[in-house]
Structures are given as C-alpha cells and as structure tokens.
Amino acid sequence: MKQLLETIAKALVDSPDEVQVSEVTGEQSIILELKVAPDDMGKVIGKQGRIAKAIRTVVKAAAVKENKHVVVEII
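Numbering of the sequence shown is given in my numbering, commencing with residue 3 and proceeding in unit increments.
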C-alpha cells in the first residue's frame, strides 16, 4: 500500500523528492500519512478534493484484495 501511494503521489507533484509516506499500523486499520511540498498540496488534493478522493479509492481497492482497512491522510 505504501509503495502504491508513493508512486501515485510522485506522478502528480512537481517535486517528487519531497513526497513522504509514513505507515501507522493500528489494531484494525493501517493509516498512511502522505506529506508533500506546500506548493504541491493543491495538485494532490485537486479541485473540490476530487484527486484526493480518487487516490483514497484506489488505495482502498488495493487494500480490499489483501483484506485490510486502509485510511489515507494528506498532511
């Protein structure tokens, strides 16, 4: 999951070197925290949050195949 999110985010932003994904494992779910450069925040979120929603949908779909619950947070 972490690698998938990182690949998607790096393709969207202007400075892919500043993309950081950290994984926090809880009892019932995995939280993926995505950090990007302040200038690239709008590119990751998109208009009215559409790109962020699409990213979350893709990651959740991949997680379902592994029987896991994943939450993506953009910081």
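We put the CB at the ideal spot given by N, CA and C, even for glycine.
Self-check item: Member of Ser17, Arg52, Leu7 whose CA lies at the smallest distance from the CA of Glu35
Solution: Leu7
Exercise. Could you check which residue in Gly28, Ser24, Val38, Gln5 has the C-alpha nearest to that of Pro18?
Key: Val38
Exercise. Please report how far the alpha carbon of Lys12 lies from the alpha carbon of Glu25, in whole angstroms.
Key: 17 Å
Exercise. Compute the Euclidean distance between the alpha carbons of Val23 and Gln50, then round it to the nearest angstrom.
Key: 23 Å
Practice problem: Would you list, in sequence order, the uninterrupted alpha helix (DSSP H) runs of no fewer than 4 residues that lie entirely inside the stretch 10-67? | Solution: 43-47, 52-67
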